[in-house]
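In the numbering used here, the protein residues as written are 817 to 941.
Data block below; observations after.
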């Protein structure tokens with residue numbers, strides 16, 4: 817029996833709720849943290865190898881591009897932490913309803929944006 821189901825291939829027309837966006841963002845930040853860990857481990861390894869290695873890492877990490885990468889790493893870590901706390905609270909049985917789940921997702925994303933701006937100000941100024 818062949819079922820005729822509508823197929824929507826235009827992803828721009830799909831409107832996800834805030835809770836779905838928060839969940840997807842939590843997964844994406846987890847992957848981004850794993851990738852950023854490569855840069856962090858490299859910097860630690862080279863800086864601890866010798867005094868010249870420390871100076872090399874210091875000179876590399878003072879550029880604007882490196883500060884942007886550091887800001888990205890910090891913001892990814894911040895959202896993953898906020899999203900993880902949100903998921904742990906949901907595991908305790910709170911914010912599981914549709915309205916409270918969407919509200920907690922909006923609060924988490926809003927808090928993340930505020931903390932990302934503050935992290936950028938701390939890093940550049």
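Where a beta carbon is used, it is the ideal one built from N, C-alpha and C, also for glycine.
Rounded to whole angstroms, what's the CA-CA distance from residue 835 to residue 862? Just pull it up for me.
Numbered from 1 along the chain shown, position 19 holds the residue referred to as residue 835. Numbered from 1 along the chain shown, position 46 holds the residue referred to as residue 862. Rounded to whole angstroms, residue 835 to residue 862 spans 41 Å at the Cα level.
Locate the alpha helix (DSSP H) running through residue 850, then write down its first and last residues.
By one-based count along the chain shown, residue 850 stands at place 34. That run of the alpha helix (DSSP H) goes 834 to 865.
Using the rule of at least 16 other Cβ atoms within 10 Å of the residue's Cβ for burial, across every protein chain shown, is residue 902 buried or exposed?
On the chain shown, position 86 is the one that residue 902 refers to. Buried: at least 16 other Cβ atoms inside 10 Å.
Could you name the residues of the same chain whose beta carbon sits closer than 7 Å to that of residue 936, not counting the 5 residues immediately before and after it, in chain order?
Locating residue 936 in the chain shown gives position 120, where the first residue counts as 1. 887.
Hey, would you say residue 852 sits closer than 8 Å to residue 878, going by beta carbons?
In the chain shown, counting from the first residue as 1, residue 852 sits at position 36. In the chain shown, counting from the first residue as 1, residue 878 sits at position 62. No; because the gap between Cβ atoms is not below 8 Å, this pair is not in contact.
Output the boundary residues of the alpha helix (DSSP H) element that contains residue 941.
Counting from 1 along the chain shown, the entry for residue 941 is found at position 125. For residue 941, there is no enclosing alpha helix (DSSP H), as DSSP marks it with neither H nor E.
With DSSP collapsed to three states, give me the class of residue 823.
Position 7 of the chain shown, counted from the start, is the residue given in the question as residue 823. Coil, per DSSP.
State yes or no: is the C-beta of residue 932 within less than 8 Å of the C-beta of residue 894?
Here residue 932 is taken as the residue at index 116 of the chain shown, counted from 1. Here residue 894 is taken as the residue at index 78 of the chain shown, counted from 1. Yes, the pair counts as a contact, with Cβ atoms nearer than the cut-off.
Would residue 899 and residue 841 be called neighbours here (beta carbons separated by less than 8 Å)?
For this step, residue 899 is matched to residue 83 along the chain shown. For this step, residue 841 is matched to residue 25 along the chain shown. Yes.
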